[in-house]
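First comes the structure, then the notes that go with it.
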Amino acid sequence: MSATGKVYLIPTVLSADALFSIPSYITTIAQELRVFYVENERTARRYLKALDRNINIDELQLLPMHENQPPDVALAKKLLLAGTDIGILSEAGCPAIADPGHLVVQAAHSIDARVIPMVGPNSILLALMASGMNGQNFQFTGYLPIKGPERGKALRQLEDESERKKQTQLFIETPYRNNLLLKDILDHCKDHTRLCIAADITGPAEYIKTKTIREWRKALPDLHKRPAIFLLYAVPA
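110 is the number that my numbering gives to position 110 of the sequence shown; each next residue is one higher, with no gaps.
Pasting the structure below:
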């Protein structure tokens, strides 16, 4: 009977120009794998070729996992029980954090398969490190509501929770809606609340600044279509 396969959580670049941020041992593992669950097939193909141009993409099994098509966890279990190792690739950064990869990881644990997280760039941690905000007590919320009134309410709740718990609040938005979110933050948050904007992390146009809401109102960056993460930290006035 073959040993149970392993699941490798393989980080990808946050910026197309940031292959330097990927440790060399990831390439070694990627060269050995034949099955991957991927959030975006086109991005995955490009990334694997960037790691090693000798990887034959056509010989790989690239299985989908995204919002409209969750991963086939039954197939994942079958592959693992047959002794096949699996790689998980997010569209950007570390897999299974804010993407459907965690469902494959759950399936692996349910059959006692080994799960191996690999070192690589993560926008949440990198932004938190560079923000100057509380790195011991923080919460990542993901996406806020799209509609204005609901988003305004969510922002006020996050701000209140930050002040009450002395907790950094992190959240994201689809890049083409970043400027709308930024406007809502300025409209609904208190003047003395700190906001960190971290955009294009690890890329040549990397932008990371922390200011109060009052200070941000004087001048704003254009975040349209730039991958970004937002951090709030409310302190008593």
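All C-beta atoms, glycine included, are put in the ideal place defined by N, C-alpha and C.
Just so we're clear, the structure is a prediction, and the values are computed from it rather than from any experiment.
Check: THR12, buried or exposed, once every other Cβ within 10 Å from all chains shown has been counted against 16; Outcome: buried
Check: Contact check, ASP99 vs GLU39, beta carbons under 9 Å; Outcome: yes
Check: Beta strand (DSSP E) segment containing TYR143, residue limits; Outcome: 138-143
Check: Pair within 9 Å by beta-carbon distance, ASP160 and ALA234; Outcome: yes
Check: Best match in ASN179, ILE201, ILE185 and ALA199 for proximity to HIS224 [C-alpha to C-alpha]; Outcome: ASN179
Check: Residue nearest to GLU67 in terms of C-alpha spacing, selected from PRO23, GLU91, VAL105 and LEU48; Outcome: GLU91
Check: For ASN134 and THR168, the rounded distance between their alpha carbons; Outcome: 6 Å
Check: For ILE55 and ALA30, believed in contact at Cβ under 8 Å, the rounded distance; Outcome: 7 Å
Check: Runs of alpha helix (DSSP H) wholly within the region 4-55 (minimum 4 residues, chain order); Outcome: 24-32 and 41-51
Check: Which residues DSSP lists as bridging LYS211, in chain order; Outcome: LEU195
Check: Alpha carbon of LEU155 to alpha carbon of PRO204, nearest angstrom; Outcome: 30 Å
Check: Proximity winner among TYR25, ALA3, ARG46 and ILE57, relative to ASP17 (alpha-carbon distances); Outcome: ARG46
Check: Outcome for THR28 when other beta-carbon atoms lying within 10 angstroms are tallied against a minimum of 16; Outcome: exposed
Check: Pairwise C-alpha distance: ILE185 and LYS147; Outcome: 13 Å
Check: Beta carbon of ASN137 nearer than 9 Å to that of LYS183; Outcome: no
Check: Where the alpha helix (DSSP H) through GLN69 begins and ends; Outcome: First-last for GLN69: undefined, no H or E at that position.
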